[in-house]
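Reviewing the structure listed below.
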Amino acid sequence: MFLNPKRTVKANVRKRDSIFPGLGTTYRISLSDDGPSPQEIQKREFNKFTDKAVDEVSTMIGCFERSEKKSKNPNSDKPLHFEKLDSEFLRLTVSFFQTIQEIKYSGDTSQHAKNRITTSLFGITRWLDNKYPSWNSERAEVERNSKEIEKRVKKEFRAKRFYKTKFVILALATFWVPFIFCWFSLQKKYPKWFKVISFLWAIFVAILVYRTPKT
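Positions in the sequence shown are counted from 1; adding 13 to them yields the numbering used here.
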């Protein structure tokens, strides 16, 4: 049996006394495999396959929407309403995503599961080829727009996360050092209740400091 060179193999060396007189100390070497199991590798590859298939169908949907809009109302900048999309195209795409959900829920990562996904995906491809032979020409524009949307979403997410972090720091600072940080709560982005609490707390601390006996 040959070892896979891509797997991580660890050698365990154990020292022990020989059972035969006069041979002294002997060593026992055993190999243990700490790499991922075949099931884990198969699951990882299957997840990559499904992610790639979902991205491809999402791109197809974008190409279809652009092709459909050009054929019906090329001068409009508004996206097509969901109810106005072709019923057969909707059926094919919904069936694809249902297949993905069923397979993931069952935990099946076999070649048969991949074949089901591939069959559903190419059903959409064949329909687009028959309905809009030039649909693939929209791919570059759709992928560019999707990347821009992804960048914008990530940027907004980072901004919201930074705002939450700053809000927590401001709340703690207002509690401990109200005379300095309560002024930052005057910014419009902070809620009214926070401004009221911060200034009331500042006044309360000011009264306590004022009434503290001087030594």
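By construction, the Cβ of each residue, glycine as well, lies at the ideal position given by its N, Cα and C atoms.
All figures in this text were calculated on a predicted structure; none of them were measured in a lab.
When the Cα atoms are used, residue 128 and residue 83 turn out to be separated by approximately 33 Å.
Cβ atoms of residue 73 and residue 116 stay farther apart than 8 Å, at about 19 Å. Here residue 49 carries a coil assignment [DSSP, helix/strand/coil].
Residue 101 is positioned such that its CB atom lies closer than 8 Å to that of residue 140.
In the structure shown, residue 136 adopts helical secondary structure according to DSSP, grouped into three states. Per the coordinates, the alpha-carbon of residue 131 lies some 17 Å from the alpha-carbon of residue 56. Rounded to whole angstroms, the gap between the alpha carbons of residue 126 and residue 61 is 13 Å. Counting the other Cβ atoms within 10 Å of the Cβ of residue 133 gives 16 or more, which makes it buried. Cα atoms of residue 113 and residue 67: separation of roughly 9 Å, rounded to the nearest angstrom. Buried is the label assigned to residue 109, since at least 16 other Cβ atoms lie within 10 Å of its Cβ. In chain order, 155 place their CB closer than 6 Å to the CB of residue 75, counting only its own chain and leaving out the 5 sequence neighbours on each side. If you compare the alpha carbons of 142, 51 and 111 with that of residue 122, the shortest gap goes to 51. In the assembly as shown, residue 135 is an exposed residue. Its beta-carbon has fewer than 16 other beta-carbons within 10 Å. Where residue 106 is concerned, the enclosing alpha helix (DSSP H) starts and stops at 100 to 119.
Of the candidates 64, 71, 59 and 48, 71 places its Cα closest to the Cα of residue 152.
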